[in-house]
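Residues 339 to 844 in the numbering used here are what the sequence shown spells out, letter by letter.
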Amino acid sequence: MAASILLALDQGTTSTRAILFDSDGTARASAQVELPQIFPQPGWVEHDPEEIWRATVSVMRRALANAKVTARDIAAIGITNQRETTILWDRESGKPIHNALVWQDRRTADWCRAMAKKVGDEELGKRTGLLFDAYFSGSKIAWLLDNVAGAREAAEKGRLAFGTVDSFLLWRLTGGKVHATDATNASRTMLFNLKTQAWDETLLKAFKIPRSLLPEVRDSADDYGEADAAHAGAAIPIRGIAGDQHAATVGQACFEPGMIKSTYGTGCFVVLNTGTKLVRSKNRLLSTLAYRLKGKPTFAIEGSIFVSGATIQWLRDRLKLIASAGESSAHAMRVASTGGVYLVPAFTGLGAPWWDPDARAALIGLTRDSGISEIVRAGLEAVAYQTRDLMVAMKEDGAKLAALRVDGGMAVNDWVMQFLADQLAIPVERPVVTETTALGAAYLAGLGAGVFASTEEIAKRWKRERLFEPQAEPRQRDALYAGWQDAVRRVRSSTPRGPTPRGPKR
Ligand code: ADP
């Protein structure tokens, strides 16, 4: 029988996972390693690429052992990854020249301010769908070239390679044979032109980034060569790659225009499929790719919130108000409301639609009645209000939203999902498999390997576990949201960069 098991390598911000899926989308076995975070200075976040590589090989082997299968039973590997995180390595030795600069790293904020003046947010947006923010890889490549001794010279001689984590892993898995990435990962670099679906020469010149650094861009389901037999006992074809949020969009089977998913992990990422149409947001949401198959791009609008589940970690680890994330819902249910308390989790600035790197978090509206339960509930409610901010912006951009598909670690919280449905006033749907990122990578690999003939076959496999219907009374939901908007106004820095967005109206 032909091999039909799909192996997803999910290299995330806080962990590296391997999950084996059967072709019906059921997880068979998995293995996971936590990824140490390196904080050299406030606002700087790094990962050790060698650690990422060792973890990847280790989880791959362990997942195979846990499932009691061998590399020969695997039809294909799909890779999904934390996006934007930037690695430069030496093509000769294969060694990284510096730690990976992680997407959350803010060290390039000044570079972005300078480039926003030189190139302009509007011009960058027209070409890449993005806006100038330290979040994206281009600024991180420029920092490495400017700050690692000898890097620029080596790059100009063609001796260095750039990759997001997918590219680096692909290079290592294929023993340096393939230097490629997929179009979704490319779309997060500030260097990839969404219209031409190619690296943008004008931007490369403006940013002084040599073309020779860049990987070849392929479809999200494509032939990426083979993982060497040395890693898992036999060679395995690599047939799918996508950035984590794009893989989750595939895992959630959001294949039709208007379909929308939201992933609640450390941060929160809402992706709206806009089909073959490249829609530019008027409300500072990003245009990006949902995925690219058979050379045909499917576009998306994305709202990125940097902190959602991380608020709950902060309540647990720093304030020590709860012992576990799971305890948060008991607190929320213990009180009828927060009594006017709002927690705006701008710990690392505000993402979409505000893009205010200088804003900082705040707890607002405390009275002497406010206790632990009110504060924890405010932390949970913030997730729903932030999602509503994005939905309001998407609606203003013309989207008609029927239902929201949710996943990620925080989506297990029933209380939050109900409050979310109430705030959004649309049904919230939670699938049976909430590991949608890994599942999406497996599906892409399955498409690339011919296990599936089409996205319709994948869509048939999506199953709902629970539906949350909106129940809140409109006046009450809007009054709560008005309080949130007021709280956001108070935390925003007085001098936000670039044109002031109108921001979501009620
Ligand atoms: P990531 O992939 O970004 O590391 P996960 O998808 O694993 O994140 O989700 C983990 C996040 O979900 C953590 O930030 C945690 O605080 C949050 N979380 C987990 N369980 C719950 C829960 N029951 N209620 C609220 N938040 C939760």
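Beta carbons are placed, not taken as given, at the ideal position from N, Cα and C, and that holds for glycine.
From a predicted model like this one, the values you see are computed outputs, not experimental measurements.
Near residue i, which residues of its chain fall below 6 Å by C-beta distance, leaving aside the five closest residues on each side in sequence?
i      : result
Leu358 : Ile343, Leu345, Arg366, Ala367, Ala401, Ala405
Ala585 : Thr418, Thr775, Gly778, Ala779
Phe806 : Met755, Gln756, Ala759, Val766
Ile710 : Leu659
Met453 : Phe470
Leu688 : Asp694, Ala697
Arg827 : none
Gly841 : The predicted model places Gly841 with a pLDDT of 44, which falls under 50 and marks its position as unreliable; any figure quoted below should be read in that light. Closer than 6 Å at the Cβ level, and outside the excluded window around Gly841, lies no residue.
Gly703 : Gly678, Val679, Tyr680
Pro837 : Here Pro837 scores only 41 on pLDDT, less than 50, and its place in the model is too uncertain to base an answer on.
Pro834 : Any reading at Pro834 must be qualified, since the residue scores a pLDDT of 48, below 50, and its modelled position is unreliable; the value itself is stated next. Correct list, in chain order: Asp694.
Ser662 : none
Glu372 : Ser353
Ala393 : Thr354, Val371
Could you tell me whether any non-hydrogen atom of the ligand ADP is closer than 8 Å to the CB of residue i?
i      : result
Ala779 : no
Ala663 : yes
Val371 : no
Gln756 : no
Arg715 : no
Ser642 : no
Leu659 : no
Arg768 : no
Gln651 : yes
Val503 : no
Since residue i is in the alpha helix (DSSP H), which residue starts that stretch and which ends it?
i      : result
Gly786 : 774–787
Phe500 : From DSSP, Phe500 is part of no alpha helix (DSSP H) but of the beta strand (DSSP E) over 498–501.
Ser558 : Neither: Ser558 is in no alpha helix (DSSP H) and is coded neither H nor E.
Ile390 : 387–405
Leu762 : 752–762
Ala817 : 812–829
Could you give the first and the last residue of the continuous beta strand (DSSP E) run that contains residue i?
i      : result
Ala452 : Ala452 -> not in any beta strand (DSSP E); alpha helix (DSSP H) instead, spanning 447–456.
Gly613 : 606–613
Asn523 : Where Asn523 is concerned, there is no enclosing beta strand (DSSP E), although the alpha helix (DSSP H) it sits in stretches over 521–524.
Asn419 : 412–419
Gly806 : According to the sequence shown, residue 806 is Phe rather than Gly. Start and end: 802–806.
Tyr602 : 598–602
Val486 : First-last for Val486: undefined, no H or E at that position.
Gly571 : Counting along the chain, Gly571 falls outside any beta strand (DSSP E), and DSSP gives it neither H nor E.
Gly463 : Element bounds for Gly463: not the beta strand (DSSP E) but the alpha helix (DSSP H), 459–466.
Leaving out five residues before and five after residue i in sequence, what residues of the same chain have Cβ atoms less than 8 Å from its Cβ?
i      : result
Ala414 : Leu344, Leu345, Ile574, Pro575, Ile576, Arg577, Gly578, Ala783, Gly784, Gly786, Ala787, Val789
Asp362 : Arg799
Trp537 : Ala524, Leu529, Phe530, Asn531, Arg549, Leu552, Val555
Lys464 : Arg618
Pro839 : Only weak support exists for where Pro839 lies, its pLDDT of 44 falling under 50; the coordinates are left without a value.
On a Cα-Cα basis, can you pick out the residue from the options that is closest to residue i?
i      : options                        : result
Ala409 : Leu551, Trp822, Thr522, His569 : His569
Leu742 : Thr512, Ile764, Ser558         : Ile764
Gly467 : Val721, Ile702, Leu704, Leu624 : Leu624
Arg556 : Arg549, Leu631, Cys606         : Leu631
Asp520 : Tyr629, Glu564, Asn437         : Tyr629
Thr540 : Lys456, Gly703, Arg490, Gly736 : Lys456
Leu701 : His436, Ser475, Asp735, Leu653 : Leu653
Glu491 : Thr446, Ile547, Ala472, Ala670 : Ile547
Phe637 : Leu542, Asn611, Pro378         : Asn611
Arg421 : Thr352, Lys464, Trp753         : Thr352
Ser792 : Gly664, Gln349, Leu439, Ala591 : Ala591
Gln761 : Val721, Lys733, Glu734         : Val721
Gly633 : Asp561, Gly571, Val673         : Asp561
Looking only at its own chain, which residues have a Cβ that is under 7 Å from the Cβ of residue i, when we skip the five neighbours before and after it?
i      : result
Val608 : Ile598, Ser600, Glu640, Gly641, Thr725, Leu728
Glu719 : Thr676, Phe757
Glu773 : Ile357, Ala365
Taking 8 Å as the cut-off, is the CB of residue i close to at least one heavy atom of the ligand HEM?
i      : result
Ser353 : Among the ligands modelled here, namely the ligand ADP, the ligand HEM does not occur.
key: Contiguous alpha helix (DSSP H) assignments of at least 4 residues, all confined to the stretch 660–726   = As for any alpha helix (DSSP H) of minimum length 4 sitting wholly inside the stretch 660–726, the runs are 666–672, ordered along the chain.
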